[in-house]
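K.L.:
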Amino acid sequence: MEHKSYFSYPITQPFPFRWFTPVAIIGGIVFIALFTLMNFASSSYELIVQNSLDPNATVARRGFLHRYPSFLTTKVQPKCQPATLPVNSDSFTNSTALTYTLTSVWERGEAGQRVISPALTYHRNILQNCSVHSVETDFDSLDRAGKQIGFCEWGAVLRSYITCKIDTPAGEVFFNMTQTYDYVPETVSFDSLGKFLGTGFLSRNKTTQASLWWGESLMSTFWGEVTLMLQDQRGAIKDDDDKIELNKGTVSFMINDTLPNIDDPGFFSLDYRFYGSRIDEVACCPGLPTPLTAKALDKSDTYPNIWLKADSLAKAAYSTILVDLGQKAAPKSNILTDTKLLTRYTENFSTARMANLRSGPANDSYSALKQTTGDLDITPSVIATTYICQVPRLKPAGNLIVAIIVADLVLLQAVWQLYKLSAEFYLSKKNRETAPCERCSVVGQADDGVPPSMPSQESGLEYFPLVNTPRQNEALLTGSRV
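If you count by the UniProt record's numbering, then the sequence shown holds residues 1 to 482, one letter each, in order.
#1: Where does residue 529 fall in DSSP's three states?
#2: At 4 residues or longer, what runs of the alpha helix (DSSP H) sit wholly inside the stretch 193 to 245?
#3: Does I25 pass the burial test, meaning 16 or more other C-beta atoms within 10 Å, or should it be called exposed?
#4: Using C-beta distances below 8 Å, list every residue in its chain close to G194, excluding the 5 sequence neighbours before and after it, in chain order.
#5: Taking S277 as the reference, which of E245, Y345, L127, L85 has the closest Cα?
#6: Could you pull out every unbroken alpha helix (DSSP H) segment of at least 4 residues lying fully inside the stretch 261 to 308, listed in chain order?
#7: By DSSP's criteria, G171 is part of a beta bridge. Which residues make up the other side?
#8: Report the three-state DSSP secondary structure of E474 (helix, strand or coil).
#9: Can you look up M38 in the DSSP assignment and give me helix, strand or coil?
#10: Where does L313 fall in DSSP's three states?
#11: Residue ranges of each beta strand (DSSP E) run of no fewer than 3 residues wholly in the stretch 59 to 113, ordered along the chain?
#12: Would you report the Cα separation of R273 and E216, rounded to the nearest angstrom?
#13: Just the Cα atoms here: how many angstroms apart are S459 and Q77?
#14: Which partner residues does L387 have in the DSSP bridge list?
#15: At a cut-off of 7 Å, is F175 close to the ligand PLP when judged by its beta-carbon and the heavy atoms of the ligand?
#16: In this structure, how does DSSP classify G374 when only helix, strand and coil are distinguished?
#17: From the DSSP output, in three-state form, read off T187 for me.
#18: Which residues does DSSP pair with Y345 in a beta bridge?
#19: Examine the Cβ distances between the stretch 374 to 392 and the stretch 10 to 21 and report whether three or more of them are shorter than 8 Å.
#20: Within 10 angstroms of its Cβ, does A317 collect 16 or more other Cβ (buried), or is it exposed?
#21: Out of curiosity, what's the CA-to-CA distance linking T180 and A111?
#22: Report buried or exposed for L142, applying the criterion of at least 16 other Cβ atoms within 10 angstroms of its Cβ.
#23: R393 to R108, Cα distance in whole Å?
#24: Whole angstroms is fine: what's the gap from L283's alpha carbon to D242's?
#25: Please state whether DSSP places L248 in a helix, a strand or coil.
#26: Kindly give me the distance between the Cβ atoms of A97 and L212, rounded to whole angstroms, as I take these residues to be in contact under 8 Å.
#27: With a threshold of 16 other CB atoms inside 10 Å of the CB of T339, please say whether the residue is buried or exposed.
#28: When the Cα of Q371 is compared with those of L409, T207, L47, which residue comes out closest?
#29: In whole angstroms, give me the CA-to-CA distance for N399 and I48.
#30: Among the residues of its own chain, which have a CB less than 8 Å from the CB of G444, if the five just before and after it don't count?
#31: Contact check, A414 vs F20 under 8 Å by CB: the rounded distance?
#32: Under the three-state reduction of DSSP, which class applies to G155: helix, strand or coil?
#33: To the nearest angstrom, report how far apart T373 and A362 are at their CA atoms.
#34: Do L341 and W214 have their beta-carbon atoms positioned less than 8 Å apart in this structure?
#35: List the residues that DSSP assigns as beta-bridge partners of T121.
#36: Comparing alpha-carbon positions, which option in L120, C164, P260 lies nearest P380?
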């Protein structure tokens, strides 16, 4: 008995077209090249996670991806996630100078109300419309570490209050920051006694960031001078004086919005309190016309008379912060962009008096050192933070070759099936059109012994006629016995 398998195979025969084989070979070569390029563009890269400080530059570095059609490389385009800066976190700008603490974030709602956010969603947006509202200076001589007192008897902590804005795809976002500066912090090392400390600034460059270089010099110099003035005034108190021996104090400098010139005596209006060893020992409220100014307090010799140096320190902090935040179009003047102002504020640098510390990095006036520093300038700033990015990377050669070969074979098989089905469809259509004429040609030719339904020779099928033995087969068909 003949075995019949569960599986079967079709009976095939060559296509009767001379053009079929050349077209298949040439088309195969063309499609192999096309599919290889297409699969290389779509499958040769994989995304890996990478940290970046500049997401815009990271996204711009696409390698060869920009040479391929975008629909092939959509899934492997570089992309970076926005950074999240929570409230109370510290940050700095790309100028790497001062450090800031984020205190609040809000947006304007539809009705104009503030919509508070717990964090700032940030994607390297340019800082805009930054303004310093006030600068507070806290003086202290008691609650300081011994090594701090070794540098100077009094210390000063400047705290500036700032508001900025950024533009995002969802609209404007506002946020408040504080900046704290202390030239002799608790973390200072005592072996730096009498040396330039360089605290409060992350980096400095007198050629590429000359304005910030001079800003640090102004802040450290005025800080050293004003703390020594407090020390001298307390040491000059006599037994019969009615002045109290000061231990702590605070001076708040508030911006006067109506005066744009920073050199104006009324640029800052101020308020202050100084305290002695007892809670009822307070130095304040001189009875002068308000708003109080440093010039008016100095003219009246109000105790403790540190007002002009404290005012200069606040203006140095104000100017340095706006330079660090990149506020070139600020409505008020800036010491660090005006050569005349900077020359006047630094003219006594070489003779500045301070305790056991040295200011810097500049040790002389601007007029003496301007040939060795760069130009005074402000550049736009962004917050420096780390972004998580996905960037394309070329796959290993072995994996890439296998992936392209497999993809090419799949696509070539699909093209071959389409090509073959098209040829078969054309062939079957041609056979249907020629079949009636073949049947007509055999009408009346019964003596040929070929049934009318015999397939034509052009169809490629062979015909095997049944040969009957006249009598014997006839008897078998009628059921008779032999």
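A virtual CB, placed ideally from N, CA and C, is assigned to each residue, including glycine.
P.N.:
Here's the rundown:
#1: This structure leaves residue 529 out entirely; the chain is present only between 1 and 482.
#2: 210 to 235
#3: Locating residue 25 in the sequence shown gives position 25, where the first residue counts as 1. Answer is exposed; the Cβ neighbour count stays below 16.
#4: Walking along the sequence shown from the start, residue 194 turns up at place 194. Counting only Cβ-Cβ distances below 8 Å, and skipping sequence neighbours, we find N356, L357, R358.
#5: Sequence index remark: in the sequence shown, residue 277 carries index 277 (1-based). Ranking the options by Cα distance to S277, first place goes to E245.
#6: 294 to 299
#7: The residue labelled residue 171 in the question sits at position 171 within the sequence shown. Answer is T168.
#8: Counting from 1 along the sequence shown, the entry for residue 474 is found at position 474. Unreliable positioning characterises E474 in this predicted model, as indicated by a pLDDT of 47, which lies under 50. The coordinate reading is nonetheless provided below. DSSP places E474 in helix when its eight states are reduced to three.
#9: The residue labelled residue 38 in the question sits at position 38 within the sequence shown. In the three-state scheme derived from DSSP, where H, G and I count as helix and E and B as strand, M38 is classed as helix.
#10: As a working mapping, residue 313 is identified with position 313 in the sequence shown. Correct three-state label for L313: helix.
#11: 83 to 86, 90 to 93, 99 to 108
#12: Stepping through the sequence shown from its first residue, residue 273 is reached at position 273. Stepping through the sequence shown from its first residue, residue 216 is reached at position 216. Straight-line Cα distance between these residues: approximately 27 Å.
#13: Translated into the one-based positions of the sequence shown, residue 459 becomes position 459. Translated into the one-based positions of the sequence shown, residue 77 becomes position 77. The predicted model places S459 with a pLDDT of 49, which falls under 50 and marks its position as unreliable; any figure quoted below should be read in that light. Straight-line Cα distance between these residues: approximately 55 Å.
#14: Working through the sequence shown from its first residue, we reach residue 387 at position 387. Per the sequence presented here, residue 387 reads as Tyr, with Leu not at that position. Paired residues: S52.
#15: Among the components of this structure there are no ligands whatsoever, and the ligand PLP is therefore not found.
#16: Residue 374 sits at position 374 when you count from the first residue of the sequence shown. Coil, per DSSP.
#17: As a first step, residue 187 is located in the sequence shown; it is residue number 187 there, counting from the start. Three-state result, T187: coil.
#18: Within the sequence shown, the letter at position 345 stands for residue 345. According to DSSP, Y345 bridges with nothing at all.
#19: no
#20: Looking up residue 317 in the sequence shown gives position 317. A317 should be labelled buried.
#21: For this step, residue 180 is matched to residue 180 along the sequence shown. For this step, residue 111 is matched to residue 111 along the sequence shown. Their backbone Cα atoms lie some 35 Å apart in a straight line.
#22: Residue numbering aside, residue 142 sits at position 142 when the sequence shown is read from its first letter. By the 10 Å Cβ count, L142 comes out exposed.
#23: Position 393 of the sequence shown, counted from the first residue, corresponds to residue 393. Position 108 of the sequence shown, counted from the first residue, corresponds to residue 108. Approximately 41 Å, taken between the alpha carbons.
#24: Numbered from its first residue, the sequence shown carries residue 283 at position 283. Numbered from its first residue, the sequence shown carries residue 242 at position 242. It should be noted that the sequence gives Ala, not Leu, for residue 283. About 11 Å.
#25: Taking the sequence shown and counting its residues from 1, the one referred to as residue 248 is at position 248. Per the sequence shown, the amino acid found at residue 248 is Lys instead of Leu. Three-state result, K248: strand.
#26: If you number the sequence shown from 1, residue 97 lands on position 97. If you number the sequence shown from 1, residue 212 lands on position 212. So it is a contact: roughly 5 Å between Cβ atoms.
#27: In the sequence shown, counting from the first residue as 1, residue 339 sits at position 339. Exposed.
#28: By one-based count along the sequence shown, residue 371 stands at place 371. Per the Cα distances, T207.
#29: The residue labelled residue 399 in the question sits at position 399 within the sequence shown. The residue labelled residue 48 in the question sits at position 48 within the sequence shown. Those two C-alpha atoms are separated by around 16 Å.
#30: Along the sequence shown, read from residue 1 onward, the residue named residue 444 stands at position 444. Any reading at G444 must be qualified, since the residue scores a pLDDT of 48, below 50, and its modelled position is unreliable; the value itself is stated next. Cβ within range, chain order: n/a, list empty.
#31: Position 414 of the sequence shown, counting from 1, holds the residue named residue 414. Position 20 of the sequence shown, counting from 1, holds the residue named residue 20. Their Cβ separation, rounded to whole angstroms, is 18 Å, which puts A414 and F20 out of contact at 8 Å.
#32: Here the question's residue 155 lines up with position 155 in the sequence shown. DSSP places G155 in strand when its eight states are reduced to three.
#33: Taking the first residue of the sequence shown as 1, we reach residue 373 at position 373. Taking the first residue of the sequence shown as 1, we reach residue 362 at position 362. Whole-angstrom Cα-Cα distance: 10 Å.
#34: As a first step, residue 214 is located in the sequence shown; it is residue number 214 there, counting from the start. As a first step, residue 341 is located in the sequence shown; it is residue number 341 there, counting from the start. Going by C-beta atoms, W214 is not nearer than 8 Å to L341.
#35: Looking up residue 121 in the sequence shown gives position 121. T121 pairs with T84.
#36: As a first step, residue 380 is located in the sequence shown; it is residue number 380 there, counting from the start. Cα-wise, what sits closest to P380 is C164.
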